[in-house]
Amino acid sequence: MERANEDRLIQPDEKTLTYDKYLKIHELLSLQQELSEPKEHDETLFIIIHQSYELWFKQILHEVLRCQSLLDRDEILPVLRSMKRIDTIQKVLIQKVDILETMAPDEFNRFRDRLNPASGFQSHQFRILEYKLGLKNKGYFKYHQHEPDTLAKLEKTLKEPSLYDSFFAFLARQGYQVPEEVLQRDLTQPHQANPKVVDIFEDIYRNHLNHYEIYSFLESLVDLDEQFTIWRYRHMLMVSRMIGSLTGTGGSLGAKYLATTLEKTLFPEIWNVRNQLGVKK
């Protein structure tokens, strides 16, 4: 039976598209270039984990852009599928921390000094993702002054609507009374919670069967925000586990800096509305 199946398989030649050619496997496997000498076993793991993070950041950005495009066309139902995909990817990113934690502190410290001054803090894709989710901060530009192409991407994204901005514009087109100051805000600045938006969300939540697709999207934003915070928390604990309170390789405060990021909220009104929902009317 197995032999019969093998006989039906196409025998590729040098002109045929193959798995390796399509996915650039040889190029991909050549990108893990360790700096330690002699090579430290766990440096390969460290590189693969972080390269895979960047690939998943790319996919999340791909999905966020699709969500914005769909919202711009007033098509919210297919947005929910992309939001589910983002949520699933985020869970994978959190699980990757478990893999990193199989590396003991002394094993990491054998090659850590070689990484200076490189740091995950310098991930431009992560900053672009933050911008697309509403965490606008041009202070990160200074870390990419030597990379004009990257700097241009950051500057462009800073000026663009976030996913939340696209959602507010969508709501306004559906007849919801979104405040003008929310619709016309300075897109280069982080979104500030607006009590009138909380009131809109309260009505949607209290009458969610009448606004079910929008309600479902709001809940998917909660999932996204929650998973982001869980990932930040796991990242902070992992760094504490590896290097304690030492300074990060890029000069950051390490785990102390990461602890401050736990306070970041992507979609404040969706959390604030919980306070009002707890009050009977």
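Going by my numbering, the first residue of the sequence shown is number 46, and it counts up by one from there.
All residues carry an ideal CB built from backbone N, CA and C; glycine is no exception.
Annotation note: the stretch 56 to 130 contains the following uninterrupted alpha helix (DSSP H) runs of length 4 or greater, listed N- to C-terminal: 64 to 68, 70 to 74, 86 to 117. Cα atoms of Ser-261 and Glu-205: separation of roughly 25 Å, rounded to the nearest angstrom. Following the DSSP letters along the chain, one finds Arg-251 inside the alpha helix (DSSP H) bounded by residues 240 to 251. Contact between Gln-272 and Lys-136 holds: their C-beta atoms lie close to 7 Å from each other, under 8 Å. By the neighbour-count criterion, in which a residue is buried when 16 or more other Cβ atoms sit within 10 angstroms of its Cβ, Arg-319 is exposed. Here His-253 has Tyr-260 as same chain residues with Cβ atoms under 6 Å from its own Cβ, once five neighbours each way along the sequence are excluded. Spatial neighbours of Asp-132 in its own chain (CB-CB distance under 8 Å, excluding positions within 5 residues in sequence) are listed in chain order as Ser-265, Asp-268, Leu-269, Gln-272. The distance from the Cβ of Met-148 to that of Leu-90 is about 6 Å, consistent with a contact at the 8 Å cut-off. With respect to the 8 Å criterion, Phe-156 and Glu-99 are not classified as neighbours on the basis of their beta carbons. With the rule of 3 Cβ pairs closer than 8 Å, the stretch 307 to 322 counts as touching the stretch 177 to 192.
Looking at Phe-213, Asp-158, Arg-172, Glu-152, the one whose alpha-carbon comes closest to that of Lys-198 is Arg-172.
Arg-118 is the residue among Arg-118, Asp-244, Glu-82, Glu-85 whose C-alpha sits nearest the C-alpha of Ala-214. Distance between Gln-56 and Ser-75, taken at the CA atoms: about 26 Å.
It is roughly 15 Å from the alpha-carbon of Ile-275 to the alpha-carbon of Glu-175. By the neighbour-count criterion, in which a residue is buried when 16 or more other Cβ atoms sit within 10 angstroms of its Cβ, Lys-183 is exposed.
Residues Gln-170 of the same chain have their beta carbon placed closer than 7 Å to that of Lys-103, with the five preceding and five following residues left out of the count.
One Cα belongs to Asn-154, the other to Leu-196, and the distance between them is close to 31 Å. Judged by DSSP secondary structure, Tyr-221 falls outside any alpha helix (DSSP H); it is assigned neither H nor E. When only Cα atoms are considered, Arg-218 and Asn-255 end up about 17 Å apart. Under the DSSP assignment, Phe-273 falls in the alpha helix (DSSP H) whose first and last residues are 257 to 288. Cβ neighbours of Thr-233 within its own chain (closer than 8 Å, five residues either side excluded): Lys-181, Lys-183, Leu-203, Lys-204. DSSP places Gln-167 in no alpha helix (DSSP H); its state is neither H nor E. Annotated three-state conformation of Arg-155 is helix, per DSSP. Of the candidates Leu-322, His-280, Lys-66, Val-324, the residue whose Cα lies closest to the Cα of Thr-305 is His-280.
With respect to the C-alpha of Phe-166, the residue from Leu-54, Thr-292, His-86 having the closest C-alpha is Thr-292.
Each of Ser-211, Pro-150, Val-243 was checked against the Cα of Val-124, and the nearest Cα belongs to Ser-211.
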